[in-house]
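In this note's numbering, the protein residues as written are -7 to 291. From the three backbone atoms N, C-alpha and C, an ideal C-beta is built for every residue, glycine too.
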Amino acid sequence: MRDITDRRNQSLMQLIRRAHGLVENTDLEKHRQSQDAIGSILGNTKSISYRAVDMDGIYGERVSVNRAHMKRYVILHCHGGGYSTGSSLYARTLTSKLAESTSMDVFCFDYRLAPEHPWPAALEDAMKAWNYLMLLGYGARDVVVTGDSAGGNLALALSLKLKEEGRFLPRGLVLMSPWTDLTSSGESFESKGALDPVLDKAYIDRMVSAYAEGQDLKDPLVSPLFGEFTGFPPTYIQVGENEILLSDSIRLHQALAEAGVPVKMDTYPGMWHVFQMSPMKAAKEAMNKNAEFIYDICR
């Protein structure tokens, strides 16, 4: 049975590698447009409403299920894309699933992208999105912050910045394949480099250069892995067994646990970077587990 599962996962990863190759483009603008095209195809469903919002000058989307849903709590989603690509449109592949599985509204925002807008532009925009929710009348404890890949980095950096300023932190964090260490010092860069069908070291190096050229890569607001997490809210991490950023999640889990943070991590056998985007059973199960975690901390 294990051999059958392994062969199935290998076939899936080959398919994902080919699909990802169709999207990735050395022309950054074309890469961004391809992602948006995928988001518009995979992220649209009649059961979901997408409403444009102006979050203090930043374009955002409010994603809601077209049925009775929870109004007290809200999700703020930080999209991935290496800080150089991605948008709320592309993120519909996740925000739609989050809204559907939790019956909560999900806000996603288009932070400024590198290399046109390197660090700390994205973090500044995340703070604006956070403040926008506060002005809507939500309290910090009413907001769960989620993020995938670079968005996981941003969710952590936002929380560290709020802590630095002595402000209240979110009710919880949900991180999918978070990029936590821009020094790329994790063991999985060697052990998983050839397996990951989505990311490789050369791509990550380009993203680091575009986003944080000249910065101290161990600054916690650049690489949250090196942050001080005492007092952080409950955190849930999902990561694929076959991804190059596996160590980023493992070491984050360890750092949070050592700081006394209620933290849980699930490693999905045979899965790749942000597999939750894919239209497959494992992705649905993972999103349901995200919803279970959110329900638990909102009780």
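Identity of the residues DSSP links to residue i by a beta bridge
i    : result
A44  : E53
F101 : G52
I165 : With the sequence shown as reference, residue 165 is identified as Leu, and Ile is not the correct amino acid for it. Answer by DSSP bridge pairing, in chain order: V137, T227.
G73  : Paired residues: none, contrary to the question.
G232 : Y260
Whole-angstrom distance between residue j and residue i, CA atom to CA atom
i    : j    : result
F224 : A251 : 8 Å
H23  : N234 : 24 Å
G143 : Y75  : 8 Å
E220 : D192 : 28 Å
D288 : Q246 : 22 Å
A147 : P189 : 24 Å
K120 : L81  : 19 Å
G13  : R159 : With a pLDDT of only 46 at G13, under 50, the local geometry of the prediction cannot be trusted, and no value is derived from it.
S41  : S88  : 9 Å
K276 : D140 : 15 Å
D240 : L20  : 25 Å
G78  : H69  : 12 Å
F267 : V166 : 15 Å
Q25  : D102 : 14 Å
Buried versus exposed call for residue i [16 or more other C-beta atoms within 10 Å across all chains shown]
i    : result
R291 : exposed
G164 : buried
R43  : exposed
D97  : buried
A29  : exposed
E108 : exposed
S183 : exposed
N123 : exposed
P261 : exposed
R104 : exposed
E92  : buried
T222 : exposed
Nearest neighbour of residue i, chosen from the options [CA to CA]
i    : options               : result
P216 : L20, P170, P254       : P170
A60  : L68, Y51, T85, T94    : T94
D211 : G185, E92, E179, L174 : L174
V45  : R64, L128, P112, K273 : L128
A204 : Y130, P110, M269      : P110
V136 : N36, S39, P226        : P226
M257 : L238, A249, I229      : I229
A283 : V253, S270, E116, M62 : M62
Enclosing alpha helix (DSSP H) for residue i [first to last residue]
i    : result
V200 : 193 to 204
M119 : 113 to 128
D258 : Taken as a continuous stretch (DSSP letters only), D258 belongs to no alpha helix (DSSP H), being part of the beta strand (DSSP E) at 255 to 260.
Y287 : 273 to 290
E156 : 142 to 156
R59  : That residue, R59, is in no alpha helix (DSSP H); it is neither H nor E in DSSP.
A249 : 238 to 250
E92  : 84 to 94
F181 : 180 to 183
Extent of the continuous beta strand (DSSP E) to which residue i belongs
i   : result
I67 : 62 to 70
Interface flag, residue i vs chain C, CB-CB below 9 Å
i    : result
L165 : Although the question refers to chain C, the structure presented lacks it and comprises just one protein chain.
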